[in-house]
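Q:
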Amino acid sequence: MAEIFLGAFVNALVEKLVSGDLWNFARTERIGTQLTKWKSMLAQVQAVVADAEEKQITDLGVNLWLSDLEDLSYDMDDVLDEFATEALRRKVMEEPRASTSKVRELIPSCCTSFNPSTLVSCFRMRLKMDEMDEITMRLQDLFNRRKGLGLKNIAAGGSGQASQRQPTSPLVIEPCLYGRDNDKKVIIELLMSDQSVSNKVGVVPIVGMGGVGKTTLAQMVYNDDMVDEHFELKAWVCVSEVFDIVGVTKAILEFVTKRAFEFKALAQEEELVFLWMAEGLIPKQTGERQMEDLGCGYFHELLSRSFFQPSSSGELFVMHDLINDLAQFVARKTCFRLEEIEKLKESEQDERISKARHSSYSRGYCDGIKKFEAFKKAKNLRTFLPCGPRYDCESYLPRNHCASYLTRDVPLYLLPGLKRLRVLSLRTYRIGELSDSIGDLKHVRYLDLSCALVLMLPESIGTLYNLQTLILRDCKNLKKLPANTSDLISLRHLDVTGADSLQEMPPKIEKLTSLQTLSNFIVGNGNGSMITELGSLIHLRGTLTISGLENVTDAPDARRASLKDKQGLNVLRMEWSNISDNSHNKNVESQVLDMLEPHKNLKELSINGYGGFTFPNWIGNSLFSNIVCLKFQNCKKCTSLPPLGQLPSLAKLYIQGMEAVGNVGLEFYGLGRLNPFPALEILTFDNMPEWKEWTPFGVEDGAQAFARLSELSIKRCPKLSRELPRNLPRLRNLDIEECPVLVVAWILSPTELNEVRNTLHFDSLVSLRLKDVSIADSLGSSEVDDQVVLKNSSHSLLSSLTSLEMENIRGHTCLPSWIFQGLTGIQELSLHGFEQLTTLWDDEVRLQNRPPALRRLTITDCPKLISLFAEGDDLKSLQELSISQCPRLISFPVLPSTLKELRIHNCDGLVSLPDLMLLNNLEKLCLFSCPSLPYLSSGSGLPPGLKELTVEWCAELKSLIAEEGIEINCPSLESIDFLKCERLKTLPDVMQNNNGLKNLSRLGINWCSNLESLPEGWFPTTNFRKFHIYTCEKLKPLPNRAYNNNCLASVERLFLRGFPAGTGLLSHILAEGSSSYFTNLTSLHIIDVNIGKLCGLHRLYSLRELSLWDCDGVSFPEHGMLSFPSSLVILGIRRFPNLEKLSFKDFQNLDSLETLHIGFCPKLTSISELRLLPSLWQLRIFDCPNLASFPEQGLPPSLSNLYISDCPELASFPEQGLPHSLLHLYGFSKASQPCTYDSTRMCKPYLSCAVFSPISFVLGAITSEVPSKIPMQIPELP
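To convert, note that position 611 of the sequence shown is 611 in our numbering; the numbers rise steadily by one, no gaps.
#1: List the DSSP bridge partners of residue 295.
#2: Between the Cα of residue 1176 and those of 1142, 1221, 1214, 1209, spot the shortest distance and give me the residue it belongs to.
#3: Which of the three DSSP states, helix, strand or coil, is assigned to residue 1046?
#4: Which whole-angstrom value describes the C-beta separation of residue 912 and residue 947, a residue pair presumed to lie in contact below a C-beta threshold of 8 Å?
#5: Closest by CA to residue 725, which one among 571, 669, 181, 521?
#6: So, with DSSP's three-state summary, where would you put residue 551?
#7: By Cβ distance, which residues of its chain are closer than 8 Å to residue 35, with the 5 residues on each side in sequence left out?
#8: Could you tell me the alpha carbon to alpha carbon distance between residue 131 and residue 412, rounded to whole angstroms?
#9: Report the three-state DSSP secondary structure of residue 16 (helix, strand or coil).
#10: What does a CB cutoff of less than 7 Å around residue 1068 pick up in its chain, not counting 5 residues either side in sequence?
#11: Relative to the C-alpha of residue 877, which residue among 318, 855, 80, 494 is closest?
#12: Have a look at residue 384 and residue 338 and give me their C-alpha separation to the nearest angstrom.
#13: For residue 950, which residues from the same chain have a beta carbon less than 6 Å from its beta carbon, with the 5 sequence-adjacent residues on both sides left out?
#14: Any heavy atom of the ligand GDP closer than 7 Å to the Cβ of residue 491?
#15: Alpha carbons only, please: which of 220, 170, 193, 207 is nearest the one belonging to residue 178?
#16: Taking residue 1101 as the reference, give the member of 1090, 1123, 1115, 1088 with the closest Cα.
#17: Who are the Cβ neighbours of residue 689 in its own chain at under 8 Å, not counting the five residues just before and after it?
#18: Classify residue 6 as buried or exposed, calling it buried when 16 or more other Cβ atoms lie within 10 Å of its own Cβ.
#19: Work out the CA separation of residue 1171 and residue 574 for me, nearest whole Å.
#20: Can you say whether residue 627 is buried or exposed, counting buried as having 16 or more other CB atoms within 10 angstroms of its CB?
#21: What separation, rounded to the nearest whole angstrom, lies between the Cα atoms of residue 1142 and residue 1066?
#22: Please classify residue 493: is it buried, with 16 or more other beta-carbons within 10 angstroms of its beta-carbon, or exposed?
#23: By the three-class DSSP mapping on this structure, what secondary structure does residue 753 have?
#24: If you draw a straight line from the alpha carbon of residue 480 to that of residue 554, how long is it in whole angstroms?
#25: Do residue 630 and residue 644 count as a contact pair if the criterion is CB distance below 8 Å?
#26: Can you grab the Cα-Cα spacing for the pair residue 355 / residue 48, in whole Å?
#27: By Cβ distance below 8 Å, which residues in the same chain neighbour residue 441 in space, the five residues on each side in sequence not counted?
#28: Indicate the three-state DSSP secondary structure (helix, strand or coil) for residue 163 in the structure shown.
#29: Given that a residue counts as buried once 16 or more other Cβ atoms are within 10 Å of its Cβ, and exposed if not, what is residue 1298?
#30: Would you mind working out which of 539, 564, 523, 570 sits nearest residue 547, comparing C-alpha positions?
#31: Could you give the residue range of the beta strand (DSSP E) that holds residue 1058?
#32: Which of helix, strand or coil does DSSP assign to residue 921?
#33: From which residue to which residue does the alpha helix (DSSP H) around residue 230 run?
#34: Rounded to whole angstroms, what is the Cα-Cα separation between residue 625 and residue 707?
#35: Please say whether residue 895 and residue 928 have beta carbons closer to each other than 8 Å?
#36: Would residue 540 and residue 515 qualify as a contact pair, given that the criterion is a beta-carbon distance under 8 Å?
Written out as structure tokens, the structure is:
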């Protein structure tokens, strides 16, 4: 079963062995005899593969034969690929000499015969001959063994099933065909006739007795040049005599997916196709059809049969679980996953790895050479593919982010030894250097270096003549590509998206005529790449950005870019830099844009920084019927917009930074257009400081502009004041921001007022956001009162609205009476920055126009708000209420009983809450910085359904419930946190009904200096996970219930300080008789505890994180007095006021320790024996002003990240220098006194990132030793 697709692989080898290019090379190198022998034997071996695949399940000998054949096939394929690579190299080397050929004709041949590259080739070929002889012997062995195993041509034998014919291929075995020219001509005419264009499937039968040449005739037709040109896709399928349509489909899929299963992780369609191409799964095409087109066809065929499924993101695809299981079974001998191979015995590992061709592994945060030990034996590996998050190149340090790090020895020493690699992905690794020996990976077709921090790539990359795909996404520091990039004659895809430091294109990029993807073409200044070079790249497709267009000084050059001829371009971005406006030549830029007219197939167009006054006529031309997205950015001189309403498919339009546009007039719609913008769904105007008026479309009978517009955004248009379009039948989201003179309302008002305000009349509107605009305070006039207008208004013009957000609306003490008129469906209301607001609504609104469906109410930064709800405010649907920064709000006489969440932040004047027991649906209660609140509830307890209770920075809080002695019953409560409640003295006990706090999993009590005790009932028995007690000086030891029945045995994270409660709990945990119960404890933070009381720490076998604060002692640890559990991964030592010496000599058992923090130790002078920590990769040393040196023994060889902060006496690196594994060196100093650097102690660390403040020993070393290799970011001090 593992060799189910071997037949297709062998068939591909047979096709390679008859390749014309290979035989041209073979004649030059005189290896034709060997290849002929291979072709002959392999063809006969191929004939019995089908029989072997059928017998392998029951015959172990056959299974072994197939395994050997598969191994041989890979090796043979690698040798043939080396021949093809050498042929490519010679082709590249010949090109520079072509220009001197006329001169060479005048020189005697005796003087031109010497060629150094020929000598190199001969030397390589002598080595290859030995390898070819070894392959010939193995092939001969397989050839001989086939008969002993009884393997037969499928057509010659039987197995009790219907007889089957030997599989055929399109390969023409006969050198010439006699007497069938007329038959061939007739068949080709039939195939190319008009009948074949119909929707029906055409069949041309060739009938005749066996042996007359039917198959040969079909082969000749199949391989005819006219057939190649006429048909975009061809496939040869051999069908058995028992015709089975399922079998036909299976045969096609086997051909398509012979090894595609090996790539099964989350991936984009394009990525999968590129990987298949790199593995040779997609044959080269002739004519207009490209390999990528065929690969996409394969992918969609598999997708339609559920081999792949879309992920939740929609852009990525994942293999179906059942297919994934099958893939792993099928590929188990040729593929290995590092995490799986590590589970095998060493002997099994060696066998699997030595024969493996493909690999994958889970990318970690910091991967070193030790992780990849197994790869040293994988000399035949073709695929190096890390799995994990795709792209995230913005975050530097957090471990849970996608960015990862790779120690220098992996790309410098390990990878160059994998010389048969075809796929090499180092995606999201922040590597800072690549070895020149990467050029030795001659087979590589796919190279992904996304997010690397390199400044430049090795020149040797230009010798990867097979390279098809080079991905350099988000290589932020990359400044230029190798000068010999133009030698990559097989390159089809070059992705430099996000490589924002890239300054220019490599020389002669026009030579890369196979390029299909070029994400950014940078027009050079002076001697840089000219825009005319784009003209030679005729196959460009997908997305193209042309930047640096300000460097085009001769407008006709733009026409020679031939964008009109590039039919495959879907997305085109044109960018002029934001240089001084005075340097722009407006006339040239207008002509350039005119001559850069693309093909009519274009789907997306973006123009940024264009300096002309008008747009050329092609922009907005209705012939661009496929355009769905347009973006105009920072076209600051244009005074009008092009006629975009004529574009029939335009769905998204973004207009930003067009500072000279004063009127969006009728030209915007397109002259003579009856229904402009018929497909537009999203429209954005942003940063248009001179825009004053939007001329409405002239309405005629049956005419409709913006018929499908669903999102409209207008931002930063300070002069816009006139009426907005009204007739937008499908508008759902409207966002108006920073348009201060725009007045809006949504109730019809007297005619004379409509002229100065925008009456929003959108029946389908769902969401409305208004920021820094004006809303009408009154609907009436001096003669007409608001209530009269409301009575005469039958309904709101926004009857479908569900969400209303208003921010920085000035001049209203309460919300105008008309606002909620008819808004019966509104569910979310947010009010921010109403500086004059004192109450939500007046009595009239309270009685008549309350929003009955309101579910979420958010009020923020209303400094004068004094009243929220009153009796009669029957908001029966309100579930979430959030109030913050309302300092004059004193109380809530009433709250809706439907509330589920209540958050009150920064309300300084709040002195009381209503009886919380009335809120029987309340689940979350959060109070933050309400310094005047003395208690939470004025009633008889807390709501029984409460799940989360958080009270922080409430300085006057004395108790939770106003009445003393009340017991609570909150069986749903899961989390309780008290922080900085300095007057809190007691907590209510729990009703003794066994349900009190049964679900409590988190209890945090911090900085509650007057709290005296914790009630017995606050300690559940099973769900307790996190327990924090910090700075509660008066808190007595925990009640007996906390220690009985192992109530704390489920705790995972514990944070305690050495007051009576904390000391007692710690003693209980570390006691020899009870420490065995705490098997769930993984994180322990201990503050202000005598070191002598920590002796039982080594018994906590599950502990992974330990942090010690404010412990006494001159040296740590005292010899033999303290040991830590070997399970530790993170260790922190902070605020040891008297600590002078820190040694890790007694901590040799910490072989899992990865992170070490040492800080706030003012007397610390020395640290020793750090090298005894074998797995340490992150070391932080901060605020140790007397620490003068690193350990004499040096730093751990595994160290990747080193952080030094405010250690002014630390004057030099270790004598040994910094470890080779170091990736990050961070130095900061807040001290005004600079450090000194000992220049005699030199080091050359390999870093991917260095960030410095004035800590000069670091800065001196880096700037003097490796200024050209390290991307440095030196922040200025405030």
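Cβ atoms here follow ideal geometry from the backbone N, Cα and C, with glycine treated the same way. Just so you know, these numbers come straight off a predicted model, no measurement behind them.
A: On the basis of the coordinates in this document:
#1: Paired residues: none, contrary to the question.
#2: 1221
#3: DSSP places residue 1046 in helix when its eight states are reduced to three.
#4: About 23 Å separates the two Cβ atoms, so there is no contact after all.
#5: 669
#6: helix
#7: 17, 22, 23, 26
#8: 27 Å
#9: helix
#10: 1043, 1074
#11: 855
#12: 11 Å
#13: If the five residues before and after residue 950 are omitted, its C-beta is found closer than 6 Å to the C-beta atoms of 926, 977, all from its own chain and listed in chain order.
#14: Summarising the ligand content, the structure contains no ligands, and the ligand GDP is consequently not present.
#15: 220
#16: Checking every option, the nearest Cα to that of residue 1101 belongs to 1123.
#17: 659, 716, 717, 718, 719
#18: Counting other Cβ atoms within 10 Å of its Cβ, residue 6 reaches 16 or more and is therefore classed as buried.
#19: 54 Å
#20: Buried, by the Cβ-count rule.
#21: 24 Å
#22: buried
#23: Residue confidence for residue 753 is low, a pLDDT of 45 falling below 50, so the modelled location carries little weight and cannot support an answer.
#24: Taking the straight line joining both Cα atoms gives about 25 Å.
#25: yes
#26: Note on geometry: alpha-carbon atoms of residue 355 and residue 48 lie some 23 Å from one another.
#27: 415, 416, 418, 419, 421, 424, 464
#28: Unreliable placement is indicated for residue 163, whose pLDDT of 43 sits below 50; no coordinate value is reported for it.
#29: What is shown of the chain runs 1 to 1278, which leaves residue 1298 out entirely.
#30: 523
#31: First-last for residue 1058: undefined, no H or E at that position.
#32: coil
#33: 225 to 230
#34: 17 Å
#35: Between residue 928 and residue 895, the gap from beta carbon to beta carbon reaches 8 Å or more.
#36: yes
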